[in-house]
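Everything on this sheet refers to the single structure shown next.
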Amino acid sequence: MPTPAGQDGGVVAVGYDGSESAKLALRWAAGYAAERQLKLLVVHAWVWPVFTRSLGPVKGIAGSGLRHAAEAVLAEGVELACAAAAEARAEAGGVADGEARAEAGGAVGMDGAGVEGLMAAGLPAPVLREAARDAQLLVVGSRGMGAVLGSLAGSTCADLASSALCPVMVIRRPSIPDGTIVAGVDGGNGVGDGIDGVGAGTRNAAALADAVRLAVALGVPLRLVHVSSKWTGTREQRGRHALLHGQALLDHAIDEARRSAPGLQVDGFLTDGQAAKELLSAASDADVLVLGIHTPGSGPGNTVSAVLHKADCNVLITR
């Protein structure tokens with residue numbers, strides 16, 4: 001199975017706007033980066049220059065102004081990331097909590113891997129996309145701060161799902177201890193249902209590798225799910241086709257996953273119906289649902305869009 005670029009090092013980028021959703025994403029990203037010995041880049045998209053030119057401080061009021069406020073948000077994000085990374089290391093038994101916090105002070109705290117901050121003017125999607133151009137993973141919250149930015153964050157997730165150059169993790173809740181990673185499986189090479197997922201083609205081999213890597217990093221089982229949704233013919237013919245085609249896809253993906261991570265617990269589940277509904281059902285008690293983008297840059301697709309809108313679990317969009 002091909003190894004995704006950056007697996008042996010690199011950067012995890014996380015968007016931060018000060019909202020509770022962003023804090024949740026930040027804590028997840030810091031823990032993942034600490035576990036993987038990766039650098040963490042905290043990114044704040046400074047949106048106000050898009051809407052106004054009045055960015056400086058109010059005359060006579062120290063510490064005022066939109067620029068100062070944005071810088072304060074970024075500084076808060078970096079500080080929270082350092083603390084979260086230190087806690088993750090302490091929980092993993094790497095160092096005592098006090099030592100971890102001391103190491104995390106300033107900008108470094110993950111065995112030499114740094115926590116850095118970046119503020120760039122612009123809307124969230126293009127800022128995050130550019131900041132994560134060379135990242136191994138981009139982590140975002142599912143909602144922003146306030147009615148306007150909250151709505152903007154929702155559209156940001158959909159935009160990044162199809163346009164980011166790296167996998168995108170959308171965080172909706174804290175990780176579930178021992179929660180399963182569920183990954184959709186499709187034909188991946190122009191045959192099958194056209195469901196977004198991981199499967200047999202070159203593109204989907206990389207997506208499967210991302211799902212395996214995440215399960216290994218979190219130390220949890222991986223479940224591969226194939227949804228048969230477009231079979232034609234009699235019930236008997238549909239059943240026979242599903243068994244021959246769907247099970248073959250699952251068997252291939254399971255074999256690939258087990259070869260790449262011999263100690264990983266992997267199983268498969270075959271079902272039929274509407275793709276998003278069945279995948280969401282299969283992931284009802286999962287920690288993360290993993291889906292692939294068929295054609296990056298052309299939009300997230302109906303299945304991914306529905307999952308991003310309705311999922312209760314965290315969602316990894318990969319390519």
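Mapped onto the UniProt record's numbering, the consecutive letters of the sequence shown carry residue numbers 1 to 319.
The beta-carbon is built from N, C-alpha and C at its ideal position, and this holds for glycine as well.
By the Cβ criterion, the region 129 to 137 is not in contact with the region 278 to 290, since fewer than three pairs of Cβ atoms, one from each stretch, lie closer than 8 Å. Here DSSP, grouped into helix, strand and coil, assigns arginine 259 to helix. Note that the C-beta distance between aspartate 134 and valine 11 is below 8 Å. Alanine 275 and threonine 303 do touch by the CB rule: their CB atoms are close to 5 Å apart, below 8 Å.
By the CB criterion at 8 Å, valine 115 and leucine 138 fall outside the cutoff. Ranked by Cα distance from histidine 252, the first of Leu264, Leu66, Ala69, Ala205 is Ala205.
For glycine 246, the three-state secondary structure derived from DSSP is helix. Collapsing the DSSP output to three states places valine 11 in a strand. Per DSSP, reduced to three states, the secondary structure at glycine 18 is coil, with no helix or strand assignment. Relative to the Cα of glycine 273, the nearest Cα in the group Ser228, Ser19, Ser142, His68 belongs to Ser228. Rounded to whole angstroms, the separation of the alpha carbons of glycine 141 and histidine 245 is 36 Å. By the neighbour-count criterion, in which 16 or more other beta carbons inside 10 Å mark a residue as buried, glycine 301 falls on the buried side. When only Cα atoms are considered, leucine 118 and arginine 223 end up about 36 Å apart. Secondary structure of arginine 89 (DSSP, three-state): helix.
In the DSSP assignment, no residue is bridged to aspartate 251. If you check the CB distance, alanine 84 and alanine 30 come in under 8 Å. Residue Asp178 holds the alpha-carbon nearest to the alpha-carbon of valine 220 among Val290, Asp178, Gly268, Lys310. With respect to valine 43, valine 78 sits apart: the two C-beta atoms are not nearer than 8 Å. Residue pairing from DSSP places valine 168 in a beta bridge opposite Leu138, Ile317. In the structure shown, serine 155 falls within a helical segment according to DSSP collapsed to helix, strand and coil. Per the DSSP secondary-structure output, threonine 303 pairs with nothing in a beta bridge. Apart from sequence neighbours up to five positions away, the residues of its chain that approach serine 305 with a beta-carbon distance below 7 Å are Ala158, ordered along the chain.
Residue pairing by DSSP leaves leucine 218 without any beta bridge partner.
Distance from the CA of leucine 316 to the CA of leucine 26, rounded to the nearest whole angstrom, comes to 15 Å.
With a contact defined as Cβ atoms closer than 8 Å, valine 212 and serine 260 qualify at about 5 Å. Counting every other CB atom within 10 Å of its CB across the protein chains shown gives lysine 23 a total of 16 or more, marking it as buried.
In its chain, beyond the 5 residues on either side, Ala85, Ala88, Arg89, Met110 have a beta carbon closer than 7 Å to the beta carbon of alanine 34.
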